[in-house]
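Just below is one structure, and these are the notes that go with it.
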Amino acid sequence: MIFTSNFKIAGHLPQAVAISQGIPRGWQGKRYKPLAPPWNLVKLNDNARFIKLYKAQVLDRLDAAQALRDLGGDNVVLLCWEAPGEFCHRRVVAAWLQKELGLMVDEFNPKLKRHAAWLRELQERR
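Heads up: the sequence shown begins at 1 in the working numbering, then just goes up one per residue.
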């Protein structure tokens with residue numbers, strides 16, 4: 001499964017991959033900078049304009065299947081900073097992956113049974 005989340009909720013998971021420009025101090029996890037929005041977009045206060053420019057400047061230049069391979073396949077949690085429910089580029093990435101590859105990308109919530117079961121299954125594989 002592929003999820004999105006933020007550093008606070010899922011940054012400790014081995015499947016976590018930062019897709020933001022900035023990362024927490026001391027971050028030792030994986031990073032995938034090709035999905036990070038340029039700083040000029042991060043500073044925009046217009047969500048519709050951000051989406052349009054992010055698609056044009058970032059997503060339209062990437063191959064979704066290759067990006068998924070680069071991320072490590074289908075057991076990954078894409079991270080940035082914003083709290084669940086706040087506007088964030090990770091949900092734009094989720095919509096892009098759904099459109100391009102037919103993948104459902106949920107916001108990770110360890111309190112949901114299905115999400116917790118996924119996490120337990122991965123831990124048992126180790």
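Glycine included, C-beta positions come from ideal geometry on N, C-alpha and C. Please read these numbers as outputs of a predicted model, since none were measured by experiment.
Opening and closing residue of the beta strand (DSSP E) in which residue i lies
i, result
"Ala-16", "16-18"
"Val-77", "76-80"
"Phe-3", "2-6"
"Val-105", "105-107"
Whether residue i touches residue j by CB criterion (8 Å)
i, j, result
"Leu-78", "Arg-90", "yes"
"Ile-2", "Val-105", "yes"
"Phe-108", "Ser-5", "yes"
"Leu-97", "Val-17", "no"
"Pro-110", "Leu-122", "no"
"Gln-57", "Val-42", "no"
"Pro-24", "Phe-50", "no"
Inter-residue CB distance, residue i and residue j (contact presumed, cutoff 8 Å)
i, j, result
"Ala-65", "Leu-101", "6 Å"
Given residue i as reference, the closest of the options once Cα atoms are compared
i, options, result
"His-12", "Leu-112, Gly-26 and Gly-22", "Gly-26"
"Gln-15", "Pro-24, Arg-31 and Gln-21", "Arg-31"
"Cys-80", "Gly-73, Ala-94 and Asp-74", "Ala-94"
"His-115", "Lys-99, Glu-82 and Val-76", "Val-76"
The alpha helix (DSSP H) enclosing residue i, as first and last residue numbers
i, result
"Arg-69", "64-71"
"Glu-100", "89-101"
"Gln-57", "47-57"
"Trp-39", "39-42"
Exercise for the section: Inspect the CB distances between the stretch 31-41 and the stretch 49-63 and report whether three or more fall short of 8 Å. Expected result: yes
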